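Number of protein chains: 2
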Amino acid sequence: MPQIKNLTVLGTGVLGSQIAYQAAFHGFAVTAYDIDDAALEKAKGRFSQLAGIYVSQKVAGAADGKAEAALDNLRLSADLGDAVAEADLVIEAVPEMMELKRDIYRRLAELAPSTTIFATNSSTLLPSDLKESTGRPDRFLAIHYANNIWVQNIAEVMGTADTDPAVFDAVVEFARNSGMEPIEIAKEKAGYVLNSLLVPFLNAAAGLVLQGISSPDMIDKTWRIATGAPTGPFQIFDVVGLTTAYNISAASPDAGSQAFAAYLKDNYIDKGKLGVSTGEGFYKY
Amino acid sequence: MPQIKNLTVLGTGVLGSQIAYQAAFHGFAVTAYDIDDAALEKAKGRFSQLAGIYVSQKVAGAADGKAEAALDNLRLSADLGDAVAEADLVIEAVPEMMELKRDIYRRLAELAPSTTIFATNSSTLLPSDLKESTGRPDRFLAIHYANNIWVQNIAEVMGTADTDPAVFDAVVEFARNSGMEPIEIAKEKAGYVLNSLLVPFLNAAAGLVLQGISSPDMIDKTWRIATGAPTGPFQIFDVVGLTTAYNISAASPDAGSQAFAAYLKDNYIDKGKLGVSTGEGFYKY
Numbered sequence: 099m100p101q102i103k104n105l106t107v108l109g110t111g112v113l114g115s116q117i118a119y120q121a122a123f124h125g126f127a128v129t130a131y132d133i134d135d136a137a138l139e140k141a142k143g144r145f146s147q148l149a150g151i152y153v154s155q156k157v158a159g160a161a162d163g164k165a166e167a168a169l170d171n172l173r174l175s176a177d178l179g180d181a182v183a184e185a186d187l188v189i190e191a192v193p194e195m196m197e198l199k200r201d202i203y204r205r206l207a208e209l210a211p212s213t214t215i216f217a218t219n220s221s222t223l224l225p226s227d228l229k230e231s232t233g234r235p236d237r238f239l240a241i242h243y244a245n246n247i248w249v250q251n252i253a254e255v256m257g258t259a260d261t262d263p264a265v266f267d268a269v270v271e272f273a274r275n276s277g278m279e280p281i282e283i284a285k286e287k288a289g290y291v292l293n294s295l296l297v298p299f300l301n302a303a304a305g306l307v308l309q310g311i312s313s314p315d316m317i318d319k320t321w322r323i324a325t326g327a328p329t330g331p332f333q334i335f336d337v338v339g340l341t342t343a344y345n346i347s348a349a350s351p352d353a354g355s356q357a358f359a360a361y362l363k364d365n366y367i368d369k370g371k372l373g374v375s376t377g378e379g380f381y382k383y
Numbered sequence: 099m100p101q102i103k104n105l106t107v108l109g110t111g112v113l114g115s116q117i118a119y120q121a122a123f124h125g126f127a128v129t130a131y132d133i134d135d136a137a138l139e140k141a142k143g144r145f146s147q148l149a150g151i152y153v154s155q156k157v158a159g160a161a162d163g164k165a166e167a168a169l170d171n172l173r174l175s176a177d178l179g180d181a182v183a184e185a186d187l188v189i190e191a192v193p194e195m196m197e198l199k200r201d202i203y204r205r206l207a208e209l210a211p212s213t214t215i216f217a218t219n220s221s222t223l224l225p226s227d228l229k230e231s232t233g234r235p236d237r238f239l240a241i242h243y244a245n246n247i248w249v250q251n252i253a254e255v256m257g258t259a260d261t262d263p264a265v266f267d268a269v270v271e272f273a274r275n276s277g278m279e280p281i282e283i284a285k286e287k288a289g290y291v292l293n294s295l296l297v298p299f300l301n302a303a304a305g306l307v308l309q310g311i312s313s314p315d316m317i318d319k320t321w322r323i324a325t326g327a328p329t330g331p332f333q334i335f336d337v338v339g340l341t342t343a344y345n346i347s348a349a350s351p352d353a354g355s356q357a358f359a360a361y362l363k364d365n366y367i368d369k370g371k372l373g374v375s376t377g378e379g380f381y382k383y
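Protein chains in written order, with the working numbering: chain A, 99 to 383; chain B, 99 to 383.
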């Protein structure tokens, strides 16, 4: 099984920076790549902020110096060749645009050592959509993280039919060693496990409101009391963000989804109510 | 708004006895009806058991005499006319057979005072399916309880187009006064709110296993970690009971549901693994 010690993360947005910091926190040597110095300057700020969050949210060991030490395990680079020269694993977390991703894999294929494993964090594309561009389909798969990685510490690991099982196992092992609970997915599936559960659940909740059956707060209360969950579906919508919910609904051909997209736009998005991030969505925060 | 003081519950099975005991615990004068003395003898045992559960699970006030006092608020009767003579509200919790229910409503229509409100606890039938037999569609609706009423204390209240709004409000008020969180449902909907959320959620989880995407324990772990819920979908299946899950799946014309029914039968039901109740289902207990 390949050994993973050096990690490179491509993209230092919200999730990319969390992936890099989490691995650095657990002792991996991490290089964070982004396109220019301005992006890397932002990334530095994100890493410092994460160090503070790990301490304030009492992640084990954070207050005993690990949160600070993680910053020493992080190196920044705006040169792709330099960033991946020593990488055992490259996790790609660049924006969700097929051509952008394919282009970066084509460049990676030439720049990275032939042994380097590539993994995409894409939520919406299947690894099969990208594998040809990597030039190494046997060393390519998906590893999918959720936001707030230090709490929602799942890493969904999903290969294609071409992925070498030893590579799959190595990435599962890496996930575990970087403080994640690996979720092993045996076959390619759009939405992985989490969104395959979440989407029909949230659609059902949306349908009840659209059809005038009940209200968001009644529906949430029902779910909380009956299942003991801390949050109901509309509270989850507010955390995910109503713009994301709108984009997913609007992109679906289903009539119910289209109606829900319109409902979100008219009642929330056009009024600046985007969820927890703006202080108001279905609820006020 | 009609005042509800005297409650009669028809049927003293698992849920019927919980509905009766919960209302008695909250000070209502409750008559529990069942078909013969043998059934009523069983009901007595259930009520004593519930008194013990309310104390051991620390329902507020239970240890201070309320659990015992509830037993004094409960009267048993195997004579339908006697059972409903003083009832402000009759909650019907007899087995889920359309003709059995219609027959009992036809008898009730003659025996109960004209002011008595009738409510069905049916999970699978709509109140519209039953309203004609009641002879009083304006004073008829559904009130739907979940098992383990003292913890999962929701009461889904759902009328038909004929239900008098004042009657609806009176039943909502009764639910609140008997320690329930009323869930007001504005339009008839099969599955009410809870099952309308639960069924697509559980179906999605079942699909992931049937398609070989992932395993029940991985799927449950994903849901627990990502949403903070105490249980994942297969833990919920085990609580609901795999026989119930089988019956619902087998009754659906959908091919995926049929496949899941067969999967449950071969791997669990035929091996006596019915869920929490038998000590083993998807998990061991």
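The C-beta atom is built at its ideal place from N, Cα and C for all residues, glycine as well. The structure presented is a predicted model; accordingly, all values stated were derived computationally and were not measured.
Distance, residue j Cα to residue i Cα
i        : j        : result
A:Gln120 : A:Ala304 : 34 Å
A:Ala167 : A:Ala149 : 9 Å
B:Leu169 : A:Ala240 : 60 Å
A:Ile281 : B:Thr320 : 7 Å
B:Glu378 : B:Asp364 : 15 Å
A:Asp267 : A:Thr129 : 22 Å
B:Arg407 : B:Ser347 : There is simply no residue 407 of chain B to check, as chain B begins at 99 and stops at 383 in what is shown.
A:Pro314 : A:Phe380 : 7 Å
B:Val112 : B:Gly143 : 11 Å
B:Val291 : B:Pro328 : 20 Å
B:Gly339 : B:Leu223 : 20 Å
A:Ala343 : B:Gln309 : 26 Å
B:Leu296 : B:Tyr152 : 27 Å
A:Leu172 : A:Ala122 : 6 Å
A:Ala165 : A:Thr376 : 28 Å
Selection from the options that minimises the alpha carbon distance to residue i
i        : options                                : result
B:Asp135 : B:Gln155, B:Thr110, B:Ala158, B:Tyr152 : B:Thr110
A:Gln333 : B:Gly326, B:Ser220, B:Ile346, B:Met196 : B:Gly326
A:Leu174 : A:Lys199, A:Thr341, A:Glu139, A:Gln309 : A:Glu139
A:Ala253 : A:Asp260, A:Val269, A:Thr261           : A:Val269
B:Thr218 : B:Thr106, B:Ala191, B:Val128, B:Glu286 : B:Ala191
B:Val307 : B:Asn293, B:Leu362, B:Asn345           : B:Leu362
A:Gly257 : A:Asp368, A:Val157, A:Lys156, A:Glu286 : A:Glu286
A:Ser212 : A:Asp201, A:Ser226, A:Leu224, A:Pro235 : A:Pro235
B:Glu184 : B:Asp162, B:Thr106, B:Ser154           : B:Thr106
A:Ser294 : B:Ala284, B:Asp318, B:Pro225           : B:Asp318
B:Arg200 : B:Ser226, B:Glu279, B:Ile215           : B:Ser226
B:Ile367 : B:Gly159, B:Asp336, B:Ala353, B:Gly354 : B:Asp336
B:Asn245 : B:Ala161, B:Gly114, B:Met195           : B:Gly114
A:Ala210 : A:Arg237, A:Ser276, A:Thr341           : A:Arg237
A:Met196 : A:Ala118, A:Ser276, A:Ser221           : A:Ser221
B:Ala176 : B:Phe358, B:Gln356, B:Ala137, B:Thr341 : B:Ala137
Residue burial classification, residue i (beta-carbon count within 10 angstroms, cutoff 16)
i        : result
B:Ala349 : exposed
B:Ala181 : buried
A:Gly330 : buried
B:Gly289 : buried
B:Tyr383 : exposed
A:Pro263 : exposed
B:Asn251 : buried
A:Asn345 : exposed
B:Asn301 : buried
A:Arg79  : Any property of residue 79 of chain A remains undetermined from this structure, which presents chain A solely from 99 to 383.
A:Val249 : exposed
A:Ile311 : buried
B:Met99  : exposed
B:Gly370 : exposed
For residue i, the three-state DSSP class (helix, strand or coil)
i        : result
A:Val112 : helix
A:Ala360 : helix
B:Val188 : strand
B:Val249 : coil
B:Leu384 : What the structure shows of chain B is the stretch from 99 to 383, and residue 384 of chain B is not part of that stretch, so it cannot be assessed.
B:Ala244 : coil
B:Thr106 : strand
A:Ala217 : strand
B:Arg205 : helix
B:Ser175 : strand
A:Gly354 : helix
B:Leu239 : strand
A:Met196 : helix
Enumerated in chain order, which unbroken segments of the alpha helix (DSSP H) with a length of 4 residues or greater are wholly contained in the stretch 119-163 of chain A?
-> Within the stretch 119-163 of chain A, the complete alpha helix (DSSP H) segments at least 4 residues long are 135-154, listed from N- to C-terminus.
Would you list, in sequence order, the uninterrupted beta strand (DSSP E) runs of no fewer than 3 residues that lie entirely inside the stretch 274-306 of chain B?
-> Whole beta strand (DSSP E) segments, 3+ residues: 279-283.
Runs of alpha helix (DSSP H) lying entirely within the stretch 309-346 of chain B, each at least 4 residues, in chain order | Counting only runs of 4 or more, we get 314-325, 331-338.
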